[in-house]
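Participant: Line by line, the protein sequences are chains U and S.
Per this note's numbering: the first sequence ends with 659, consecutive numbering throughout.
Per this note's numbering: the second sequence ends with 369, consecutive numbering throughout.
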Amino acid sequence: MLDLIFQVAILLFLSGAAIAFLGAARDSRTARTLSLVCSAGASALLAIFAFVILVTGSPLSLAAWQPFPGISIAFFIDRLAAFFLVLIGAVAACVAVYSTGYVEHMEGGSRRNLLCGCTAIFVLAMALVVASATTISFLFFWELMAAASFMLVMYEYTHAGTTRAGIFYFVMTQLSTLFVMLGIIMLFVATGSFAIAPVHLTPASAPLVTAAFLALFVGFSIKAGIIPFHKWLPYAHPASPSPVSALMSGVMLKVAVYGLLRFLMAVFTPDLWWGVLILIAGTASAVLGVIYAIKEDDIKGLLAYSSIENIGIIFVGIGLFVIFSCTGFVLLATISLLAALFHSLNHALFKSLLFLTAGSVVHATHTRDIEQMGGLAARMPVTSALFFVGAAAIAALPPLNGFASELLVYTAFFESVTVADPFTKILLFICLALFALTSALSAACFVKAFGSIFLARPRSPESEQAHEVGPAMLAGPAILAAACVVLGVFSYQVLAGFGYHFPIPDLLLVSVLLLLMGALTYVILWFTASHKERTGETWGCGARSLPSSTEYTGHGFSEPIVTIFSSVYQTKKTVTKKYYDEHDCIFAEGTAEIRLLKFFEEYLYLPIARGATRAAGVIARMQNGCLDTYLLYVFVAVVAVILFLGVAA
Amino acid sequence: MNYEFLAYGIINTACVVLVAPLFVSLVKKVKAWTQGRQGPSVFQTYYTLAKLLKKEVIYSRNASWITRVTPWACIASILVASLFVPLVYVTAPAGGIGNIILFLYLLVLGRFFMALAGLDAGSTFGGMGSSREMSIAAVIEPTTIIVFAALAFVFKSLNIIDMAGMAASSGTVVAPTLILLGISLFIILIVETAHIPVDNPETHLELTMIHEGMILEQSGRNLALMELSAAIKQVVLMALLINLIVPWGIATTLAPAAIGAALALFVAKGAILALVIGLFESSMAKMRFFRLPGLFMMAFFFSTLIILIEVFT
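(1) Below 8 Å on C-beta distance, what does U:W536 contact in chain S?
(2) Identify the contact partners of U:E547 in chain S, using a Cβ-Cβ distance below 8 Å as the criterion.
(3) Does any residue of chain S have a CB that is nearer than 8 Å to the CB of U:M483?
(4) Bridge partners of U:D308, per DSSP?
(5) For the beta strand (DSSP E) that U:K582 lies in, which residues bound it at each end?
(6) DSSP on U:A214, reduced to helix/strand/coil?
(7) What separation, rounded to the nearest whole angstrom, lies between the Cα atoms of U:T187 and S:S275?
(8) Please name the residues in the segment 567 to 591 of chain U whose beta-carbon is closer than 8 Å to at least one beta-carbon of chain S, in chain order.
(9) Applying the 10 Å Cβ sphere with the 16-neighbour rule, what's the burial state of U:C636?
(10) Determine the closest residue to U:G550 out of S:N58, S:N215, S:F211, S:G183, with distance taken between C-alpha atoms.
(11) Counting beta carbon pairs with one atom in the segment 463 to 480 of chain U and one in the segment 378 to 394 of chain U, are three or more of them shorter than 8 Å?
(12) On the three-pair Cβ rule with 8 Å, is the segment 202 to 217 of chain S touching the segment 340 to 359 of chain S?
(13) Can you tell me where the alpha helix (DSSP H) with U:L6 in it begins and where it stops?
(14) By the 9 Å beta-carbon criterion, what residues does the segment 460 to 471 of chain U contribute toward chain S?
(15) Would you call the segment 322 to 331 of chain U and the segment 281 to 289 of chain U touching, i.e. three or more CB-CB distances under 8 Å?
(16) Look at the alpha carbon of S:A194 and the alpha carbon of U:G461, and state the distance between them as a whole number of angstroms.
(17) Around the Cβ of S:N58, are there at least 16 other Cβ atoms within 10 angstroms (buried) or fewer (exposed)?
(18) Can you tell me which of the three DSSP states U:E592 falls into?
(19) Can you grab the Cα-Cα spacing for the pair S:L162 / U:A506, in whole Å?
(20) Could you name the residues of chain U that S:A397 contacts, counting a contact when the two beta carbons are closer than 9 Å?
(21) Could you name the residues of the segment 486 to 516 of chain U whose beta carbon sits closer than 9 Å to any beta carbon of chain S, in the order they occur along the chain?
(22) Between the Cα of S:K289 and those of S:I301, S:T308, S:H267, S:I306, spot the shortest distance and give me the residue it belongs to.
(23) Need the endpoints of the beta strand (DSSP E) that U:P77 sits in, please.
(24) Within its chain, find whatever has a CB closer than 6 Å to the CB of U:Y245; leave out the 5 residues flanking it on each side and keep chain order.
(25) What separation, rounded to the nearest whole angstrom, lies between the Cα atoms of U:H373 and U:G67?
(26) Grab the span of the alpha helix (DSSP H) containing S:E258 for me, first residue to last.
(27) Quick one: Cα of S:L74 to Cα of S:S226, how far?
(28) Does the structure place the segment 103 to 119 of chain U close enough to the segment 219 to 237 of chain U that three or more beta carbon pairs sit under 8 Å?
(29) Using the C-alpha atoms, what's the distance from U:S521 back to U:L313?
(30) Beta carbons nearer than 8 Å to chain U: which residues of the segment 306 to 329 of chain S have them?
(31) According to DSSP, is U:I83 part of a helix, a strand, or is it coil?
(32) Considering Cα atoms alone, identify which of U:M136, U:I194, U:T434, U:L363 is closest to U:V105.
(33) Which of the three DSSP states is assigned to U:V261 in this structure?
(34) Using a Cβ cut-off of 8 Å (strictly closer), state whether U:G528 contacts chain S.
(35) Quick check: what's the CA-CA separation for U:L523 versus U:E561?
(36) Output, in chain order, the set of chain U residues within a Cβ distance shorter than 7 Å of S:D176.
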């Protein structure tokens, strides 16, 4: 029965893609809507199917196709995979609902059909990566996911910047596949099988297995956007359409998290230093991600950097899990693992919510620059309320879901005083302090985002004329927002329902108390305070009315933090001067430029890229188009083969 | 949730709301004395709140629902947070009330709304206040969390009510690390409640202001709620410091006499703390904004030192 549902879901995705592609020639709106409905239905089906497995806990195994002995495409869905399938299904369904409204407002004619079709394939690929039972099928669908997402990023290929973003994304995502493939091949050499199964360590295979872990870690980190492999996110997200950003940031990053978790739990027996490595990588990403996010003026760029931060938080959870399981603290390890998983789900929910509502805002104002927005709370009330829920959840305000998962991380940190090794303890305390900094900065970041976009007065004519979006574009985010509230308020009950009783506060009680206190105050003031209300001008130091240009901008808002953390945002100053005289005394003209130094890009990515170009140049010299040279190559190759065979024999 | 905890909730909330305005006036009185002035009455804050309640509320033309919701969100979050810190009576906690992390984030909840309301009216002062408030909150956060972690470490509990209970039952034994922690808690108190050298609570319309800038557009009943929540925040943080470091006299039974005595003693201890805050404020000038991270770094290393001492002994 259950496997039938799974197959139906896959078929629905495929038919969704087929319908969209078939309608492409006629730019058919019906085909688009039908395709998105198929995707939404298939995603919802997938989520329900996975939820059943999550609740019952009995794994499902499906053999699909075995082209050669030892190499097979097969599926195996246990609770871990089911959890991520629920995440993928739930978010993808909401995104599909939103897209039914969004695609009709997009430019691009029949390309929109391709967008719908590729989205279906993309979601399917992500689901099948998670469901894979062998490393081969994992790799196959991983690459399908990469290819489909690349097509989606390139949607607006005529826009300036999209090509660059696309190429950046393509290179990074292929690097990720390369490292994952390398890791899988090393595992195959060590074990002789493509199964995702525990590796039996022998002294001979130990270095190879460690190398395999490192390769997989780098591969998954690139896909997840861990600093320093993060650079593709702030390029790819602003360039791609909003539903695609929501899927990539909300779901695809989590597939990388799933990969890391699956290999850590099912294949390797981790060492303590692996945990320390993951923890440090996570902490660095969290802190730097949010510090970069706060500086952004591009709403989608800001959300992209914030994804880096949240993936960092998830990695902190995974790192703690590895550390605690290596030191034998089972309860703490469980708390950390659940923190990582719960935050993955929560981030998927609120980040896709934020990307979708940001998409509505961009659609209404025709700009991504938050300095041009403002005053949208009055013009788009529902969207503003939905965005607010997302912002409050991501800023970890109780009683929403972002707080619930960060609470688990904090609990794991605070309880870690029992860890024996003092130096591990010091490391944990440093990471705890940085984690707290991250959380506070992300609150500041989303005050800036919400304040600049929705509050005060519009700062551009487009924002002045913005109006609320249609029902489909509100329904999708509304489901996500409701999920954010429910998962936060009932977090204790949900965890207890799955059998995890942790010493964490009951947020339902806190929500009831919050409402009670508010209501109590309201009732008391109803009887004691004046009811008179009046509307007036904002006080402007005596001026009758101030223009909107005098408002505090997002840039101004983040200025103190930028100044405090100025060592992180390094700037580059270039000054050129020309003088009339030869002693450089009488100044004629000159230019001065100050810009933000893209540290990782200029000191890590570009040198590597230049090295690759240089190596390619050397190799290209061998291709001179002259027949004699090629004959020489053939001759040398034949001699080399003969020599090699002779030596081998 | 049992009967005793319910009684705890009611007594605690009532006491917090009753005494909170008193300490605000007390600090002002001390500052007035050091300046050679008479100063307003110690009940002035009560009069001010009563007056504000009778005034009409004026909303800016630009203000959205955020401005209307903020006073209620602030007062609700701070009242719930006040449940987490016992003032005069301590009992066994229930339902996770008292969790130190949740306490911290309830304060963040109020601050989040307040900062948004600062931006809402489109006034430059409000935006400036919000921006500075969020920046300071971000920079002090690592210190706060380390101090809280150190508290959890010393008391072996994550629950403030548990900690207070333990401090009350152990009576006179005050560990040296607790005194050090007291100093860190004092710095957090100064920062969180907008006192000199971080913020100047007395100035309106000066470029130095932070908290007052954010609530500049509030008026009438809403302003009263904001002022009251600021006062409650101050008394709650004071109670945290007092009842963990010098817990003598806190009631552990529901006897009215014990609770009355505990309240009197708390007011006395709070008055001494208010005196210290007032003298501390009078003894220094407001710091330049960008010098503040240095101060916080000092507090941070100070509290890390405590952790190091605790870990290695």
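Beta carbons: idealized from backbone N, C-alpha and C, even for Gly.
Facilitator: Straight from the coordinates:
(1) For the purposes of this step, residue 536 of chain U is taken as residue 526 along the first sequence, with counting starting at 1. In chain order: nothing, as chain S lies at least about 10 Å away.
(2) As a position in the first sequence, residue 547 of chain U is number 537, starting the count at 1. Using a Cβ-Cβ cut-off of 8 Å, U:E547 is close to S116, R117 of chain S, given in chain order.
(3) Reading the first sequence from its first residue, position 473 is the one you call residue 483 of chain U. Chain S contact via Cβ: absent.
(4) Looking up residue 308 of chain U in the first sequence gives position 298. Beta-bridge pairing by DSSP links U:D308 to U:D379.
(5) To locate residue 582 of chain U, count along the first sequence from 1; it is residue 572. Segment 581 to 589, the beta strand (DSSP E) holding U:K582.
(6) Numbered from its first residue, the first sequence carries residue 214 of chain U at position 204. Per DSSP, reduced to three states, the secondary structure at U:A214 is coil, with no helix or strand assignment.
(7) On the first sequence, residue 187 of chain U is found 177 positions in, with the first residue counted as 1. On the second sequence, residue 275 of chain S is found 219 positions in, with the first residue counted as 1. One alpha carbon belongs to U:T187, the other to S:S275, and they sit about 59 Å apart.
(8) Across the segment 567 to 591 of chain U, CB contacts with chain S closer than 8 Å involve F567, S568, E569, P570, I571, T573, I574, in sequence order along the chain.
(9) Along the first sequence, one-based indexing puts residue 636 of chain U at 626. Answer is exposed; the Cβ neighbour count stays below 16.
(10) Here residue 550 of chain U corresponds to residue number 540 of the first sequence, with the count starting at 1. Nearest in C-alpha terms to U:G550, of all of S:N58, S:N215, S:F211, S:G183, is S:G183.
(11) Verdict: yes, contact present.
(12) With three or more CB-CB distances shorter than 8 Å, the segment 202 to 217 of chain S counts as touching the segment 340 to 359 of chain S.
(13) Given a span of 11 to 659 for chain U in the structure shown, any question on residue 6 of chain U remains unanswerable.
(14) Correct list: F460, G461, S462, F464, L465, A466, R467.
(15) Here the segment 322 to 331 of chain U lies against the segment 281 to 289 of chain U, with 3 or more beta-carbon pairs under 8 Å apart.
(16) As a first step, residue 194 of chain S is located in the second sequence; it is residue number 138 there, counting from the start. As a first step, residue 461 of chain U is located in the first sequence; it is residue number 451 there, counting from the start. Roughly 17 Å separates the two Cα atoms.
(17) On the second sequence, residue 58 of chain S is found 2 positions in, with the first residue counted as 1. Looking at its Cβ environment, which holds fewer than 16 other Cβ atoms inside 10 Å, S:N58 is exposed.
(18) Sequence index remark: in the first sequence, residue 592 of chain U carries index 582 (1-based). The three-state reading of DSSP puts U:E592 in coil, since its state is none of H, G, I, E or B.
(19) Within the second sequence, the letter at position 106 stands for residue 162 of chain S. Within the first sequence, the letter at position 496 stands for residue 506 of chain U. Near 23 Å, if we compare the C-alpha coordinates of U:A506 and S:L162.
(20) In the structure as shown, chain S starts at 57 and stops at 369, and residue 397 of chain S therefore has no counterpart that could be examined.
(21) So the close ones are Y502, P513, I514, P515, D516.
(22) Here the question's residue 289 of chain S lines up with position 233 in the second sequence. Comparing Cα positions, the closest option is S:H267.
(23) To locate residue 77 of chain U, count along the first sequence from 1; it is residue 67. 70 to 78 is the span of the beta strand (DSSP E), which, as asked, contains U:P77.
(24) Taking the first sequence and counting its residues from 1, the one referred to as residue 245 of chain U is at position 235. Its chain contains A175, F178 as the residues whose beta carbon lies nearer than 6 Å to that of U:Y245, once the 5 sequence neighbours on both sides are disregarded; these appear in chain order.
(25) Position 363 of the first sequence, counted from the start, is the residue given in the question as residue 373 of chain U. Position 57 of the first sequence, counted from the start, is the residue given in the question as residue 67 of chain U. If you take the alpha carbons of U:H373 and U:G67, they lie about 43 Å apart.
(26) In the second sequence, counting from the first residue as 1, residue 258 of chain S sits at position 202. Segment: none, S:E258 is in no alpha helix (DSSP H) and carries neither H nor E.
(27) Numbered from 1 along the second sequence, position 18 holds the residue referred to as residue 74 of chain S. Numbered from 1 along the second sequence, position 170 holds the residue referred to as residue 226 of chain S. Distance from the CA of S:L74 to the CA of S:S226, rounded to the nearest whole angstrom, comes to 28 Å.
(28) No, the segment 219 to 237 of chain U is not in contact with the segment 103 to 119 of chain U.
(29) Taking the first residue of the first sequence as position 1, residue 313 of chain U is located at position 303. Taking the first residue of the first sequence as position 1, residue 521 of chain U is located at position 511. Answer to the nearest angstrom: the Cα atoms are 28 Å apart.
(30) If the cut-off is 8 Å between Cβ atoms, the segment 306 to 329 of chain S has nothing near chain U.
(31) Mapped onto the first sequence, residue 83 of chain U falls at position 73. U:I83 falls in the strand class under three-state DSSP.
(32) For the purposes of this step, residue 105 of chain U is taken as residue 95 along the first sequence, with counting starting at 1. Cα-wise, what sits closest to U:V105 is U:L363.
(33) In the first sequence, residue 261 of chain U corresponds to position 251, counting from 1. Residue state for U:V261 is assigned as helix, using DSSP reduced to three classes.
(34) Here residue 528 of chain U refers to the residue found at position 518 when the first sequence is read from its first residue. It does; some Cβ of chain S falls within 8 Å.
(35) Locating residue 523 of chain U in the first sequence gives position 513, where the first residue counts as 1. Locating residue 561 of chain U in the first sequence gives position 551, where the first residue counts as 1. For U:L523 and U:E561, the gap between their C-alpha atoms comes out near 36 Å.
(36) On the second sequence, residue 176 of chain S is found 120 positions in, with the first residue counted as 1. Annotation: Cβ neighbours of S:D176 in chain U (cutoff 7 Å, chain order): L465, A466.
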